[in-house]
Each structure stands twice: as structure tokens, then as C-alpha cells.
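Heads up, the sequence shown is in this note's numbering, so the first residue is 31 and it goes up one at a time. Beta carbons are placed, not taken as given, at the ideal position from N, Cα and C, and that holds for glycine. Note sheet for the following structure.
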Amino acid sequence: MAETTQVLCRNPDCDYAKTQKCIDGLDSSAHPQVSADSKPAAFDSDAANDELIAAHTSSIESLWTGECLDCSEASKILRRDESRVLAVIGPTKSGKTSLICSVFELLQIQVRDDFQFAGSLTLFAFERACHNSRGESLRHEPVMEHTRHNPLPFGVSFYHLKVAQREEHPVSLLFADRTGEDYKAACDDPSVCSDFVEVKRADSITILVDGQSVLNSAERHNVRSTTELIVQGLKDGGVLSGKQALLVVLTKQDMIEAENEENKEKAYAFFESLVQNIQRLYSELFENIQDFKIAASPQNSLLPYGHGVFNLMSQWYGSAPKAPPIVLPAVTSKRAMGRIQ
Ligand SMILES: Nc1nc2c(ncn2[C@@H]2O[C@H](COP(=O)(O)OP(=O)(O)OP(=O)(O)O)[C@@H](O)[C@H]2O)c(=O)[nH]1
Ligand SMILES: [Mg+2]
């Protein structure tokens, strides 16, 4: 009886056996044939097939899907481009995803001419996240979906934006986004912070203080302790390098501006005292600590869309990587050919 064979491809969606066409465009040699009866374990231990598959998979450049990047994809960008890693952290609903998406939207509508949009590998993720805050969604007010816990290793994913400033070479900005629940967990158990790989690698850390909560006098105490516990957790988790900038950002400023003078004053005074406290307690952990006020996605007309976001952008863009330059040893060849550089 003729032995039945099956055709293998690294891509489970590839239907080469039926169509004789590879979904990745590879030729037949990339599709080793094995007996249909052989068990997967036997195939795994077959050195010849392993080598063949390894040879082909190493030459395949994975395609970008337009979705958020995982850590290994973000690393590829770091190796390839001049980049900044920007950790945007804060409790649930403080406005992390809205802030990241507002940068994308502002660059599309070109409200300033000093920063230009120069591309993105996560367009699909941006477009999906922004949809509910646009008029086309036919919603009465802008809405941002809660970021769910990410099943990827380390629970973080990255939005990518390439930005050019005037005539300069474009820089890749990698915005780390994770669910606010992870930061809540970090308040209860600081050891969770050691998994925050994005903070470890970040050039600057942006911590958000929810303006809506600051307006509520009963919630202010919680806001203060949560913000300080997150910073303390980052310290205890050993993810701070001492060379990063800390940007403390009051979000949803439009809601504060809509209040009467007395409430406005109380909210701003609280934020000021919160920043002063963080500066007093943690200044030696950061290169510098600065404060900002924004309305990334205002729900009234008192402040424009993305109010204050470009002030942050200037800081992010300027937070050049802190790795020391690689100094190559001087060429000491005796032969003239060897001294040519
Ligand atoms: N009024 C007002 N609302 C805002 C602003 N920015 C964000 N919001 C709203 O605040 C809510 C939470 O925003 P998100 O961006 O989802 O917050 P997040 O920190 O990513 O939250 P999680 O993903 O749950 O951790 C959403 O309903 C937003 O529409 C703002 O500038 N002004
Ligand atoms: Mg979110």
C-alpha cells in the first residue's frame, strides 16, 4: 500500500497540500513531506527536517499586522530605528490609551508644523482604538474602550509612531500600554512591578493622575496614595534606572475647567501638592520630575482636542536614549590597507 504523506509548513494557515501554493510564497522545498502516520514528536526529533525548517524560517521576515507590537517586535524596531520607549502608566480609566491615541490623531490633523507624522506599524490598532471617539461612530460623546489584560508575555503591548521634527531624521516612538488593573495590582504587591519590562527600558515614564477623581474630595486621598504607591512599587521592583525622566500628568483638565472657581482652585492645589510630594520623596530616582496638565479627549468645548499633549511630545521626543556611545578601538594595523577606514 502506498504510504500517505502530509505536507508541512511553519504557518498553520498554509494549505500547500491542497492548493500547491504557499501562503508565505515559499517554494515546494520549504514544505517537507512526511508520513501521515508519523507522530508529531517523531517529526520534532527529526534533525534533517528541523534543519530544513530552521533554514527557511530564519529567512522569513514576519509581516507587520498593524496590531500593537509585542516585546520582541518592539525590540526589532529598537535595533532598526532611532527610537524612544515611552511608558504611559496610571490607574484604570486615568486616560492612558486616550493620551496615546490623541498623539496619533493630532499628527493626522497636523495642528502643529514642528512634528510630522512619518508612519506607523500599528495603524490598525490606532484606527480601532480611535473609532469610538470620532464623529463617524455616531456616539454622543467620545468613548475609549477599557484596555483588557493582555495575554502576551509581560502583559504589555506597544503602539508605534514614526515622527519627524522639522528637517530631522524620523524617530520611532514606542508607547507602552497595559491595563490599569496591572498598576492597581502593583499597589497591593510591589513585586508585580519587576514584570514591567517597558518601564525598565523606558526613556521616560509618564504617570497619569485622573483629573475626574481629583475633583472629588472623597477620592483625593486615594489618588495621592495610588500615585505614590505606584512610584514606590517601581522603585521596589528594581525597574528604575535613575536616568529616566518622570512626567506627572493631570488628565481630563476640561472637566476641572468646567467647575466653579473654588473647586478648580482646590483641584489644582491638590495636584501641585501631589507633585511636590513626589519630588520630595523620589527625586533621586529620576533624572528630573516635571508636571503637565492635559485634556487628551475633552468632552466639552472649554479646551481643544489634545490640549497640552504636544508639550508632552516635546519631552518624549527629546528623551534621547541614555545608552553610552560605543567607542570602537583605534585601528593599529601595520599594513596601509588595514588602516583604511
Ligand atoms: N472629559 C475627558 N474624558 C477623557 C479624557 N481623556 C480620556 N477620557 C475618558 O476617560 C475614560 C478612560 O480613558 P482611557 O483612555 O480608556 O483610560 P485608560 O487609562 O487607558 O484605562 P484602562 O484601559 O481601563 O486602564 C474614557 O471614557 C475616555 O473617553 C479627557 O481629556 N477629558
Ligand atoms: Mg487603556
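Inter-residue Cα distance where the pair is residue i and residue j
| i | j | result |
| --- | --- | --- |
| E317 | Y347 | 16 Å |
| P334 | A148 | 24 Å |
| D45 | L99 | 27 Å |
| V244 | D212 | 21 Å |
| A155 | C217 | 29 Å |
| E302 | L93 | 46 Å |
| Y312 | E103 | 32 Å |
| D143 | Q329 | 25 Å |
| G210 | S124 | 8 Å |
| G267 | I308 | 17 Å |
| K126 | I119 | 7 Å |
| Y327 | S128 | Rather than Tyr, the amino acid found at residue 327 in this sequence is Ser. About 6 Å. |
| I139 | M367 | 54 Å |
| S224 | L264 | 8 Å |
| V227 | R208 | 11 Å |
| S105 | D219 | 28 Å |
| G272 | K364 | 44 Å |
| R254 | I107 | 36 Å |
| C160 | L153 | 10 Å |
| S247 | E289 | 13 Å |
| E157 | R250 | 34 Å |
| G96 | R109 | 19 Å |
| F300 | T256 | 14 Å |
| E198 | N252 | 43 Å |
| V222 | E292 | 39 Å |
| M174 | R310 | 34 Å |
| L203 | C101 | 14 Å |
| G185 | F134 | 22 Å |
Cβ neighbours of residue i in the same chain (closer than 7 Å, five flanking residues each side left out)
| i | result |
| --- | --- |
| Q50 | none |
| K48 | none |
| I130 | V118, Y189, F205, D207 |
| L276 | I235, I237, F316, I319 |
Cβ-heavy atom distance, residue i to ligand 2, below 7 Å
| i | result |
| --- | --- |
| D212 | no |
| D207 | yes |
Inter-residue CB distance, residue i and residue j (contact presumed, cutoff 8 Å)
| i | j | result |
| --- | --- | --- |
| T281 | D240 | 6 Å |
| V279 | I319 | So it is not a contact: roughly 12 Å between Cβ atoms. |
| L427 | G336 | This structure cannot speak to residue 427, because the chain is shown only from 31 to 371. |
| V339 | S132 | 5 Å |
| K230 | T122 | The pair is not a contact, with the Cβ atoms about 22 Å apart (cut-off 8 Å). |
| S344 | S234 | Contact flag wrong, Cβ pair sits at about 11 Å. |
Same chain, Cβ closer than 8 Å to residue i, five either side skipped, listed in chain order
| i | result |
| --- | --- |
| K294 | I286, E287 |
| V201 | D111, E112, S113, R114, K192, V193, A194, Q195, Y347 |
| A71 | Only weak support exists for where A71 lies, its pLDDT of 39 falling under 50; the coordinates are left without a value. |
| A232 | V115, L116, A117, A206, Q274 |
| F145 | L137, V193, A194, Q195, F340, M343, Y347 |
| L314 | Before going on, a small fix: residue 314 reads as Glu here, not Leu. So the qualifying residues of the chain are G272. |
| K296 | S247 |
Nonlocal neighbours in the same chain, by C-beta distance under 6 Å from residue i, ignoring five residues either side
| i | result |
| --- | --- |
| D284 | A325, P328, N330, L332, L333 |
| D321 | V278, V305 |
| L259 | C217 |
| Q242 | K282, M285 |
| Y298 | none |
| K323 | L280, Q283, G338 |
| Q262 | none |
| L270 | L264, L315 |
Original post:
Which residues, in chain order, sit with a beta-carbon under 6 Å away from any heavy atom of ligand 1?
Top reply: G120, T122, K123, S124, G125, K126, T127, S128, P172, V173, M174, H176, T177, T209, G210, T281, K282, D284, M285, A325, A326, S327, P328, Q329
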